[in-house]
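For what it's worth, the numbering used here labels the leading residue of the sequence shown as 79, then goes sequentially.
Notes to accompany the following structure.
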Amino acid sequence: MTQDAFLLLALAVLGVYALQWTRRLSQAWGELPVKTLAATLIAGVVAAAELTGNPLGPTVRSVALVLSAPFVLSPLLVAALARLRRYRLADFVTSALYWTQPGRDAIRRIVVQAALQQGDADAALERMPARDDVAMRAQALAAKGAHESVLALPSAGEGDPGYLADGARVQALVGLGRVDEADRLVAEMRSRFERGSQSPIGYRSIKLAETRVDAERGNLRRVRETLREPLVGVPADELYGLIARAAEVAGDRAVAARVYQEAARMAPESRRRRYAERLEAWGEQVPPPVRVRRRARATAVLAGVIALSYLGQHLLDTAVGAFVVGTIPIRASSIAAAFGLGLPGFPFADAWWRYLSYAFVHAGIVHIGFNVWVLYDLGRVFEARRGWGDLLAAFALGTAMGAYLTSVAQAGDTLLLVGASGGVLGVAGALLADVLRSREPHDRALMRSLLQWMALITLLSVAIPNVSLWGHVGGVIGGMLWAFARQGLPAGRRISEVAGLIAIAALLAAVTQVVSVALALL
């Protein structure tokens, strides 16, 4: 399969998931879902022709890429730009790709959601869809402190929009001092949640609303208990602000001041002013804003190392070219790092480091691009839950187990195993093991998404030639083995950090061996 055909197949798969997202943002036959569906079908048809041995030619594949990629990837691109506060650029992409008001409104909902996450209520209100979205408008007005305006809005209906709008109404009632009314609304939300579908958004909205009421009543103990498990999707400074408010109402000024200071450090400018005013009124120092520590630092570094290794691979292959091993031409980078089976004359074929080093060489730019993308997407979620040590341990064990299971299941075959997908699936397996026992709605939703994704990866591994099924299965097993073992060990960061250091040492030792072989080939 050619790289552009593989990219079209990946776009078709991504398009299926994008359709589920875009249908929630727009009417069923609006411009956004229709264009996403058309792009997905174009990519899928051309990729299917390649898989069935009836390729449509490079020109058709190129045209299909040009037509499908923008409309499959645009929602992700707009969301990324909005999170970076590049609102004008997000607006430009929206106007360039979508030409009807309903289509642009659907994409603007993504921008509004991201702006609200950043605490930028003005940007959210400025880009509010023309067809008024009560839940979004309520959240934006509540963030601005326009409490009476929030209460004047009509009902948002049932489902997630209803929970979001009611959560904003609770915030408004609390802000106006009408705590008993807020408490009654929270009770009604919980009753509706228990009777109907229990979505992660509904669960989060109710928990946050309950915590606001508890904070306003000074119930510091209960607020701390509720927030012991962070509410996914709620900015950290807002959680600190609720703890501080509970301490303030309870009369513990010293604790309230310390926590307000921490909230002010982490808050975006729009919310930072609110915390600063409270601290200044008490004569307390307002700390300077600091950059929030990125909890996905190890994920970013690992993804960066894999990307840089591809540059080194390209330079080595350009400088040296290929070698003939037996009767098979093999690139220099694969001789240095790939995991090989059934290749007479393949140097260091049984070396231990090949069980790890193959993760740092790839078959092409599309191959490494998707591995790095999925690693970053899943890795930052797992690292936020468990820390850098568990992330690296899961990646290393998943990589090693991917090679080992391949060597057992395909012992009589001739093959070269390359790519970080074993380690990436190790992270996915560890994340799956982490959520299996959880009863939280957002974890149950994450578990279903992971299982669907793994089923899809398995299907593609069987259907596409030269994609390693056993490397992928072994990666999942390796990651789950680490996660289950870790659950049985004492809690605390020290064990995880030691495991992470061992993983770093093993990966560095393997890469050092690869560099040594590569230098010998030059």
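Don't be surprised by glycine CBs; every beta carbon is placed ideally from N, CA and C.
| query | result |
| --- | --- |
| Check whether the Cβ atoms of Asp261 and Val228 lie closer than 8 Å to each other. | no |
| Within a Cβ cutoff of 6 Å, which residues of the same chain sit near Gly240, ignoring the five residues on either side of it in sequence? | Ala234 |
| Output the residue ranges of the alpha helix (DSSP H) runs that lie fully inside the segment 468 to 551 and measure 4 residues or longer, sorted by chain position. | 499 to 514, 519 to 541 |
| Compute the beta-carbon to beta-carbon distance between Leu470 and Gly578, rounded to the nearest angstrom, for a pair I have assumed lies under 8 Å. | 4 Å |
| Just tell me which of Gly255, Gly507, Met267 has its CA closest to the CA of Leu242. | Met267 |
| My guess is that Ala220 and Val189 are in contact by the Cβ rule of under 8 Å, so how many angstroms apart are they, rounded? | Wrong, their Cβ atoms sit about 18 Å apart, outside the cutoff. |
| Please confirm whether Ala415 and Phe401 have their CB atoms less than 8 Å apart. | no |
| Which value, in whole angstroms, describes the spacing of the CA atoms of Val513 and Met558? | 11 Å |
| Roughly how many whole angstroms lie between the Cα atoms of Arg372 and Ala441? | Confidence at Arg372 is low in this model, with a pLDDT of 49, below 50, so the placement of that residue is unreliable and no value is reported for it. |
| In chain order, what residues of the same chain lie with their CB nearer than 8 Å to the CB of Ala354, ignoring the 5 residues before and after it? | Ala342, Val364 |
| What residues in its chain sit with their C-beta under 8 Å from that of Glu362, if we drop five residues either side in the sequence? | Ala335, Tyr338, Gln339 |
| So, does the segment 385 to 405 touch the segment 427 to 447, judging by three or more C-beta pairs under 8 Å? | yes |
| Name the two residues that bound the continuous beta strand (DSSP E) containing Pro407. | 406 to 409 |
| Is the segment 421 to 436 touching the segment 581 to 591, taking contact as three or more C-beta pairs under 8 Å? | yes |
| Which of the three DSSP states is assigned to Asp426 in this structure? | The amino acid at residue 426 is misidentified as Asp; the sequence shows Phe. If DSSP states are grouped into helix, strand and coil, Phe426 belongs with coil. |
| Less than 8 Å between the beta carbons of Ala561 and Ala523, yes or no? | no |
| Less than 8 Å between the beta carbons of Leu92 and Val150, yes or no? | yes |
| Is it true that the CB of Ala96 sits closer than 8 Å to the CB of Pro153? | yes |
| Rounding to the nearest angstrom, what Cα-Cα distance links Leu86 and Arg515 in this structure? | 36 Å |
| Counting only the same chain and skipping the five closest in sequence on each side, list residues whose C-beta sits under 6 Å from that of Gln591. | Trp431 |
| Measure from the alpha carbon of Pro313 to the alpha carbon of each residue in His550, Ala325, Tyr176, Gln196, then state which is nearest. | Gln196 |
| Does DSSP put Arg371 in a helix, in a strand, or in coil? | Since pLDDT at Arg371 reaches only 46, below the 50 mark, its modelled position is unreliable, and no value is offered. |
| For Val370, count neighbouring C-beta atoms within 10 Å of its own C-beta (all shown protein chains included) and say buried if the count is 16 or more, exposed if not. | Note that Val370 scores a pLDDT of 44, beneath 50, so its modelled location is shaky and nothing firm can be said. |
| Measuring alpha carbon to alpha carbon, tell me which of Ala472, Leu394, Arg139, Gly404 ends up nearest Leu509. | Ala472 |
| So Leu254 is in the alpha helix (DSSP H); what residue range does that whole segment cover? | Run containing Leu254: none; DSSP gives neither H nor E here. |
| Excluding the 5 residues preceding and the 5 following Leu453 in the sequence, name in chain order all residues of the same chain whose CB lies nearer than 6 Å to its CB. | Ala381, Val502 |
| Leaving out five residues before and five after Arg187 in sequence, what residues of the same chain have Cβ atoms less than 8 Å from its Cβ? | Leu103, Pro207, Asp211, Met214 |
| From the DSSP output, which residues share a beta bridge with Val403? | Ile406 |
| What are the partner residues of Leu419, as DSSP defines its beta bridges? | Leu493 |
| Would you mind sorting Val124 into buried or exposed? The rule is 16 or more other CB atoms within 10 Å of its CB. | buried |
| How is Asp211 classed by DSSP in three states: helix, strand or coil? | coil |
| Buried or exposed: Ser283, going by 16 or more other Cβ atoms within 10 Å of its Cβ? | buried |
| Near Val156, what residues of its chain come up, given a Cβ to Cβ distance below 7 Å and the 5 sequence neighbours on each side ignored? | Ala168, Val171, Thr172, Ile185, Ile188, Val189 |
| To the nearest angstrom, report how far apart Leu320 and Pro346 are at their CA atoms. | 16 Å |
| In this structure, how does DSSP classify Met206 when only helix, strand and coil are distinguished? | coil |
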